[in-house]
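Engineer:
In the working numbering, the protein residues as written are 1001 to 1223.
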């Protein structure tokens, strides 16, 4: 028995893998045998049906009719049973091989999918423009406003909704300890920014200046 071998073996993992491989081979052999038996049963039922049909055509009596009906019923049952088995086998195969959480399902997206071009923008006078310079200007105006740039032609973005802010704060049921709060509330210094730059992904999306983090990682302390 495999349990006795597992208890006494110095390498139980190897014994277990060998046993699984042996069982898999046996099951595959049984499946092949069942498939052959089903194919043979369908062929035998078809031959019996052909013989009964030939007899019924030669002699259209009640006895020949009963034999033909019985052969037809047996043939349909055999085909249905074999078809159901094949469908179950196909389903088991799909469930075992096609529904695994393989690397195919967790592969990163193609970087080209992130490059969605802006083909046109709405200008302040209400017209639509596809001019690249106009698109760039509207882009800078929008994000300059969102980032709080006082020189943005659109001005600063409207202040956040105080009622929604209060609702969000009231929904918080846990808070950080005082010692951690002091660290979080401490002002950000140049060393913190340099450390953050070092740990950023070098190929991350560029910022407003069009430069990736890899550029700043050359000399993060200087930047």
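Glycine is no exception: its CB is placed at the ideal position from the N, C-alpha and C atoms.
Which residues mark the beginning and the end of the alpha helix (DSSP H) in which residue 1138 is found?
Structural biologist: Sequence index remark: in the chain shown, residue 1138 carries index 138 (1-based). Unbroken alpha helix (DSSP H) run through residue 1138: 1132-1146.
Engineer: Within 10 angstroms of its Cβ, does residue 1011 collect 16 or more other Cβ (buried), or is it exposed?
Structural biologist: One-based indexing of the chain shown puts residue 1011 at position 11. So residue 1011 ends up on the exposed side.
Engineer: Please list, in chain order, all residues of the same chain as residue 1214 whose beta carbon is under 7 angstroms from its beta carbon, the five residues on each side excluded.
Structural biologist: Here residue 1214 refers to the residue found at position 214 when the chain shown is read from its first residue. Around residue 1214: 1202 and 1203.
Engineer: Output the distance between the C-alpha atoms of residue 1029 and residue 1008, rounded to the nearest integer angstrom.
Structural biologist: Translated into positions along the chain shown, residue 1029 becomes position 29. Translated into positions along the chain shown, residue 1008 becomes position 8. Looking at the two C-alpha atoms, the distance is approximately 30 angstroms.
Engineer: Between which two residues does the alpha helix (DSSP H) containing residue 1172 stretch?
Structural biologist: Within the chain shown, residue 1172 is the residue found at index 172, counting from 1. Segment: none, residue 1172 is in no alpha helix (DSSP H) and carries neither H nor E.
Engineer: When you compare each of 1003, 1042 and 1186 to residue 1255 by their alpha carbons, which one comes out closest?
Structural biologist: Past the boundaries of the shown model lies residue 1255; the chain is included only from 1001 to 1223, so the question cannot be answered.
Engineer: Between residue 1038 and residue 1080, is the Cβ-Cβ spacing less than 8 angstroms?
Structural biologist: Working through the chain shown from its first residue, we reach residue 1038 at position 38. Working through the chain shown from its first residue, we reach residue 1080 at position 80. It is not a contact, given that the beta carbons lie outside the stated cut-off.
Engineer: With distance defined between alpha-carbon atoms, name the residue in 1176, 1124, 1119 and 1057 nearest to residue 1131.
Structural biologist: Sequence index remark: in the chain shown, residue 1131 carries index 131 (1-based). Of the candidates 1176, 1124, 1119 and 1057, the one whose C-alpha sits nearest the C-alpha of residue 1131 is 1119.
Engineer: On a CA-only basis, which of 1052, 1059 and 1063 is nearest residue 1074? Give me that one, please.
Structural biologist: Counting from one through the chain shown, the residue named residue 1074 turns up at place 74. The candidate whose alpha carbon is nearest that of residue 1074 is 1052.
Engineer: Look at the Cβ atom of residue 1176, then the Cβ atom of residue 1168, and state whether they are nearer than 8 angstroms.
Structural biologist: As a first step, residue 1176 is located in the chain shown; it is residue number 176 there, counting from the start. As a first step, residue 1168 is located in the chain shown; it is residue number 168 there, counting from the start. Not closer than 8 angstroms, so no.
Engineer: For residue 1210, count neighbouring C-beta atoms within 10 Å of its own C-beta (all shown protein chains included) and say buried if the count is 16 or more, exposed if not.
Structural biologist: Numbered from its first residue, the chain shown carries residue 1210 at position 210. With fewer than 16 other Cβ atoms within 10 Å, it is exposed.
Engineer: Where does residue 1200 fall in DSSP's three states?
Structural biologist: On the chain shown, residue 1200 is found 200 positions in, with the first residue counted as 1. Coil.
Engineer: Sort out for me which residues DSSP pairs residue 1122 with in a bridge.
Structural biologist: One-based indexing of the chain shown puts residue 1122 at position 122. DSSP output for residue 1122 lists 1128 as bridge partner(s).
Engineer: Roughly how many angstroms separate the alpha carbons of residue 1222 and residue 1159, rounded to a whole number?
Structural biologist: Here the question's residue 1222 lines up with position 222 in the chain shown. Here the question's residue 1159 lines up with position 159 in the chain shown. The straight-line gap from Cα to Cα measures roughly 34 angstroms.
Engineer: Please report how far the alpha carbon of residue 1088 lies from the alpha carbon of residue 1031, in whole angstroms.
Structural biologist: Mapped onto the chain shown, residue 1088 falls at position 88. Mapped onto the chain shown, residue 1031 falls at position 31. Each residue's alpha carbon lies about 12 angstroms from the other.
Engineer: Under 8 angstroms, do residue 1145 and residue 1136 count as touching if we go by C-beta distance?
Structural biologist: Taking the chain shown and counting its residues from 1, the one referred to as residue 1145 is at position 145. Taking the chain shown and counting its residues from 1, the one referred to as residue 1136 is at position 136. Not in contact: residue 1145 and residue 1136 (Cβ atoms no closer than 8 angstroms).
Engineer: When the Cα atoms are used, what is the spatial distance from residue 1197 to residue 1191?
Structural biologist: Here residue 1197 is taken as the residue at index 197 of the chain shown, counted from 1. Here residue 1191 is taken as the residue at index 191 of the chain shown, counted from 1. Distance between the alpha carbons of residue 1197 and residue 1191 is about 10 angstroms.
Engineer: Thinking C-alpha only, which one of 1181, 1212, 1179 and 1217 is nearest residue 1195?
Structural biologist: The count along the chain shown starts at 1 and reaches residue 1195 at position 195. Considering only 1181, 1212, 1179 and 1217, the residue with the shortest C-alpha distance to residue 1195 is 1217.
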